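Notes follow once the structure below has been shown.
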Amino acid sequence: RVVKALVRLAEIVLLALPAAVSYPFVMAARKRRMVGDGMAKKLYDRWLNLCIQSAERGGAVIIKLCQWASSRPDIFGTDFGDKFEKLQDSTTPHKWHHTERCLRESFGENWRDQLRIERDSILGSGCIAQVYKGYVTDDDGNEQPVAIKVVHPGVRKVIAKDLQILRYVARTLEKLPFGYGEKLRWNNLRGTVEEFAAMLEPQLDLRNEAKNIKRFNENFKKEPRVIFPQLVKGYESSHDVLVETFCSGVTVKEFCETNKDDKELRAKICELGAHTMCTMIFDHNYVHGDLHPGNILVSPDNKLIILDCGIVNEYSEREHDLAINVIAAFIRLDGRRAAEFLVDHSNESMLQTTGEQALDVEHYLDEIEKLSKAPLKGGFAFERVTMYINYVMNSASRHHVKITPAFVSMALAIKVQEGIALMLNPRASIINVANPIIIKAEARRLKQGGFDRLKTIAEDNWRDFRVRRERERDALALAAATPTSAAPVSPAQNV
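Using this note's numbering, you'd call the opening residue of the sequence shown number 327 and step up by one each time.
Right, dumping it as structure tokens:
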């Protein structure tokens with residue numbers, strides 16, 4: 327097993343080597359104008375094409391990371407995003423004979439009797455599977471358009487090796503010297519890798535996606551503006567094949583181009599997307615884990631279509647409570663409260679393992695509070711979410727606050743949505759959308775569990791009060807221990 331992982335690692339390195347070696351020369355040509363602007367652009371385009379080819383050959387895990395990067399033009403540049411968005415649904419497809427074999431194994435030798443599919447009718451090919459457009463015939467001879475998803479050959483073995491490599495890399499990076507490893511350890515890099523693995527592995531069995539489709543349709547049955555595909559009766563999902571209803575629409579990018587002058591409509595769709603994501607996170611605790619632009623369409627009647635439900639994030643009650651409390655506090659611009667939740671959870675979890683505690687807690691709280699109180703232009707904007715997340719992670723590593731993987735995965739989901747929101751409405755404000763959903767979720771959580779739930783909340787509030795009093799007492803004790811000739815020290819100055 328170790329030997330196979332090492333072979334796979336060597337394969338990845340060899341695939342990345344040409345792009346890595348040529349990168350300095352391409353960047354030098356662009357920045358130092360060693361050649362004309364036209365030639366520099368051609369060189370950069372060729373380098374991006376080389377990167378795409380390497381990523382495609384690298385396998386599902388690498389493609390999944392590139393899909394996320396392609397949705398962040400604000401970080402990686404528009405040229406990068408335009409090129410790499412191809413990986414969202416246009417990776418190299420597998421051969422027809424594999425599809426035919428999977429259909430035969432799933433639905434029997436006579437699968438063609440009621441299922442019509444052409445080998446060239448590929449709608450898209452992702453990192454896990456590819457999707458065909460087909461038709462099913464009912465008993466009356468009527469045809470219904472459907473989408474047929476078929477898992478790529480050999481993808482399960484490749485992902486297993488890649489996840490093993492990622493785990494090894496995470497362990498190695500956390501041991502880096504000069505403080506880099508310590509920073510990654512407090513950002514819980516290994517926990518994030520395990521969270522990523524827990525999301526990716528269920529996607530390899532399409533029966534899990536079928537269960538997710540049922541759950542999403544149930545969760546959003548009262549929201550007609552949001553559409554999920556539905557399972558097709560008579561075609562039970564298997565490991566390798568899923569048959570679902572065909573949903574017609576255009577990508578968010580195409581929608582923005584078609585409606586570039588209709589800011590009101592784009593803002594409306596952006597608000598609907600924000601409402602959908604907030605409902606998943608705060609109310610349902612059932613979050614679509616793969617909402618890159620290739621999986622979101624807009625229907626002809628301006629409804630939101632959400633596809634590819636193979637990855638879902640669902641958390642324990644404790645993890646969910648913590649994550650939504652932190653995110654809700656940030657949305658409400660209460661950074662200090664968010665930081666208190668993170669510190670208390672870190673101290674409690676670390677006390678049970680290493681015994682370590684957060685450092686300079688008051689300074690950490692002040693840092694996060696200062697961030698959330700920064701002047702706003704036009705209200706809370708999506709672009710501030712990334713600033714919050716990056717700042718929180720960096721500050722947490724300095725003050726030894728271990729971040730829970732649930733918060734990290736939710737934060738990454740929000741980061742991806744940020745890129746989509748920027749396409750629709752760069753100044754999107756979500757505080758008015760999120761607050762009613764948060765209040766509803768909090769009320770529902772109060773009702774759940776009866777006395778035990780109320781007891782848990784009371785204990786949490788008492789713990790919060792006790793911790794706050796202890797911090798104030800420690801700050802006063804430190805001030806009292808300071809020589810009288812020195813200036814008095816306030817809790818906020820206790821760094």
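Glycine included, each C-beta is placed from N, C-alpha and C at the ideal position. Bear in mind the structure is a predicted one, so any value in this text is a computation, not a measurement.
* The alpha helix (DSSP H) enclosing K696, as first and last residue numbers -> V687 to S698
* Can you find a CB in chain B that lies within less than 9 Å of the CB of K728? -> Chain labels in this structure do not include chain B; a single protein chain is all it has.
* Asked: What's the C-alpha gap between E597 and P752?
  -> 12 Å
* Taking C-beta to C-beta, are G452 and D566 nearer than 9 Å? -> no
* To do: Look at the alpha carbon of A473 and the alpha carbon of E682, and state the distance between them as a whole number of angstroms.
  => 52 Å
* **Contacts around G599, its chain only, beta-carbon distance under 8 Å, and the 5 residues preceding and following it disregarded** => I622, L630, Q743, I746, A747 and L750
* Asked: When you compare each of E549, A386 and E570 to I539 by their alpha carbons, which one comes out closest?
  -> E570
* Extent of the continuous alpha helix (DSSP H) to which K589 belongs -> K589 to C604
* Asked: Can you tell me whether DSSP reads A684 as helix, strand or coil?
  -> coil
* To do: Please classify K459: does DSSP put it in a helix, a strand, or coil?
  => strand
* Asked: How long is the line joining the alpha carbons of I632 and F608, rounded to whole angstroms?
  -> 18 Å
* Could you please give me the residues that DSSP links to I344 through a beta bridge? => Checking the displayed sequence, the identity of residue 344 turns out to be Pro instead of Ile. P344 pairs with nothing; no bridge assigned.
* Asked: Contact between the segment 476-487 and the segment 530-550: three or more CB pairs below 8 Å?
  -> yes
* Asked: Based on the DSSP output, what are the partners of P503 in its beta bridges?
  -> Bridge partners of P503: none, in fact.
* Asked: Whose CA, out of G615, I729, N720 and T577, lies closest to the CA of G450?
  -> T577
* Please go through the same chain and pick out, in chain order, the residues whose beta-carbon is closer than 6 Å to the beta-carbon of R511, but skip the five residues on each side of it. => E500
* Asked: Among the residues of its own chain, which have a CB less than 7 Å from the CB of V352, if the five just before and after it don't count?
  -> L369, Y370 and W373
* Within 9 Å, strictly: CB atoms of V457 and L441 -> no
* To do: Check whether the Cβ of A767 lies closer than 8 Å to any heavy atom of the ligand ZN, and answer yes or no.
  => Ligands in the displayed structure: none, and consequently the ligand ZN is not present.
* Whether A486 touches V519 by CB criterion (9 Å) -> no
* L557 - partner residues in DSSP beta bridges -> E570
* **CA nearest to the CA of R482, picked from K421, G385, R438 and R430** => G385
* Would you mind stating whether I388 and I338 have Cβ atoms separated by less than 9 Å? => yes
* Touch check for the segment 649-657 and the segment 761-769: three-plus C-beta pairs under 8 Å? -> yes
* **Proximity below 9 Å, CB of L515 to CB of L489** => no
* E688: buried (16+ other C-beta within 10 angstroms of its C-beta) or exposed? -> buried
* Does the distance from the C-beta atom of F572 to that of P555 stay below 9 Å? -> yes
* Who are the Cβ neighbours of K390 in its own chain at under 6 Å, not counting the five residues just before and after it? -> C453
* Could I get the ranges of all uninterrupted beta strand (DSSP E) runs contained in the segment 432-493, with 3 residues as the minimum, in chain order? => 441-451, 455-463 and 469-477
* Compute the Euclidean distance between the alpha carbons of D464 and E426, then round it to the nearest angstrom. => 21 Å
* Based on Cα-Cα distance, which residue from A355, R334 and K421 lies nearest to K367? -> A355
* State the Cα-Cα distance for the pair A649 and L332, rounded to the nearest angstrom. => 36 Å
* Along the alpha helix (DSSP H) that carries L677, what are the first and last residues, could you check? => G661 to L677
* Asked: K699 to V718, Cα distance in whole Å?
  -> 14 Å
* From E547 to L568, what distance separates their C-alpha atoms? -> Going by the sequence as given, residue 547 is Lys instead of Glu. Going from the Cα of K547 to the Cα of L568 covers about 22 Å.
* Rounded to whole angstroms, how far is the Cβ of I443 from the Cβ of G467, which I believe are closer than 8 Å? -> That pair is no contact at about 18 Å.
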